[in-house]
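**Q** Mind looking over this structure? Questions follow.
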DNA sequence: TTGGATGCAAAGCCTTTGCATACCT
DNA sequence: AGGTATGCAAAGGCTTTGCATCCAA
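Protein chains in written order, with our numbering: chain L, 1 to 145; chain A, 1001 to 1145.
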């Protein structure tokens, strides 16, 4: 994990962004909760545990910054707030999908990719240059059924 | 279209909801703009053209009601507001996906469904009972490339 | 007639912005 | 030292809620 962090720090410095303790902490929190799809507020609370003086606005600004670097990217589930996942700027980004339980709200990640064929067909039919995709599968999870 | 509307009205009345002119108008606006993924505010403006006294809160409440009846369902794209599509309570709901242009923001619907195989596999591996899915494909549309 | 539906305005969330201060480089 | 980053508080969007009035059944 330290590798990933120093890599990210290098990228920030290359573009003349400063390394502050808050930025590093936000990054660590995101990495330590990789699979949790944290919201800004959740990141804020986790950061506050280690650095109580941190402001919410800083967390928002940091998340936006990281988003620009593709360290993370945001996704809306159905509670109307942005949630964040690690992105291609930090590590090899694997294609993955989300299983969302409509009872308990838990989110399971699935690392499949069977969509290439569909993407190709769609590209041709609509002259649409595919960059990325996002698949959410709704249903009932193991625990809730 | 009148068939669909009277069918919907019947369903409302069966559950003792009143048919108001506002509710009917919202329904018509949704049907007339089936493929546009309107937001609440957009529905509101379209309704106001025909009934200027309508309040925004009524539109929100009506959309929530229609959502409970599965006349429509909401989906978040990336502008952070709910947008609505017709749902299974109104008509045979076809599986469809969205092509979202990251330049101009236009949304194209695609009526493919190649996801059954993936759904089956995922169901088994994770003991997850699939109800529905949502696929967004991001890229550059014909006009923007 | 009467309880649900409406319109208006206020309040609630989440997120962004302004500004004075703090702190990386 | 200088300018970016921060924290706080205020303001901005979108959505929901409270309340008096209205209206479909």
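Don't be surprised by glycine CBs; every beta carbon is placed ideally from N, CA and C.
Quantities reported herein were computed from a predicted structural model and do not represent experimental measurements.
Could you check where the alpha helix (DSSP H) with residue 1074(A) kicks off and where it finishes?
**A** Segment 1072 to 1076 is the beta strand (DSSP E) holding residue 1074(A); no alpha helix (DSSP H) there.
**Q** Roughly how many whole angstroms lie between the Cα atoms of residue 121(L) and residue 1033(A)?
**A** When rounded, the distance between both Cα atoms is 27 Å.
**Q** Is any heavy atom in the ligand ZN found nearer than 6 Å to the beta carbon of residue 1095(A)?
**A** Judged by which ligands are present, the structure shown has none, so any question about the ligand ZN falls away.
**Q** With DSSP collapsed to three states, give me the class of residue 1014(A).
**A** If DSSP states are grouped into helix, strand and coil, residue 1014(A) belongs with the helices.
**Q** Closer than 7 Å, Cβ to any Cβ of chain A: which residues of the region 123 to 144 of chain L, in chain order?
**A** Listed in sequence order: 126, 127, 128, 129, 130, 131, 132, 133, 134, 135, 136, 137, 138, 139, 140, 141 and 142.
**Q** List the endpoints of the continuous alpha helix (DSSP H) containing residue 1126(A).
**A** Its alpha helix (DSSP H) spans residues 1116 to 1126.
**Q** Exposed or buried, which one is residue 1015(A) when buried takes at least 16 other CB atoms within 10 Å?
**A** Exposed, because fewer than 16 other Cβ atoms sit within 10 Å of the Cβ of residue 1015(A).
**Q** Starting from residue 132(L), trace the beta strand (DSSP E) both ways and give me its first and last residue.
**A** 129 to 140 is the extent of the beta strand (DSSP E) around residue 132(L).
**Q** Ends of the beta strand (DSSP E) at residue 1109(A)?
**A** It spans 1107 to 1110 - the beta strand (DSSP E) in which residue 1109(A) sits, taken as one unbroken run.
**Q** Compare the beta carbon distance of residue 108(L) and residue 1133(A) with 7 Å and say whether it is the shorter of the two.
**A** No, these two residues do not count as a Cβ contact at 7 Å.
**Q** Quick check: the region 1052 to 1071 of chain A against the region 1094 to 1112 of chain A, are there 3 or more CB pairs under 8 Å?
**A** No: the two stretches stay apart, fewer than three of their Cβ pairs being nearer than 8 Å.
**Q** I'd like the span of the beta strand (DSSP E) that includes residue 1086(A), first residue to last.
**A** 1082 to 1086 is the span of the beta strand (DSSP E), which, as asked, contains residue 1086(A).
**Q** Would residue 72(L) and residue 86(L) qualify as a contact pair, given that the criterion is a beta-carbon distance under 7 Å?
**A** Yes, Cβ-Cβ distance for residue 72(L) and residue 86(L) is below 7 Å.
**Q** So is residue 1076(A) in contact with chain L if we call contact Cβ pairs under 7 Å?
**A** Output row for residue 1076(A): interface = yes.
**Q** Determine which residues share a DSSP beta bridge with residue 1100(A) and list them.
**A** Partner(s): 1107(A) and 1138(A).
**Q** Name the one or two DSSP bridge partners that residue 1039(A) has.
**A** Bridge partners of residue 1039(A): 1083(A).
**Q** Closest to residue 139(L) by C-alpha separation, out of 1078(A), 1103(A) and 1129(A), would be which residue?
**A** Selected option, being the one with the closest Cα: 1129(A).
**Q** What are the start and end residues of the alpha helix (DSSP H) that includes residue 1019(A)?
**A** Counting along the chain, residue 1019(A) falls outside any alpha helix (DSSP H), and DSSP gives it neither H nor E.
**Q** Residue 1054(A) lies in the alpha helix (DSSP H); which residues open and close that run?
**A** It is not in any alpha helix (DSSP H) - residue 1054(A) carries neither H nor E in the DSSP assignment.
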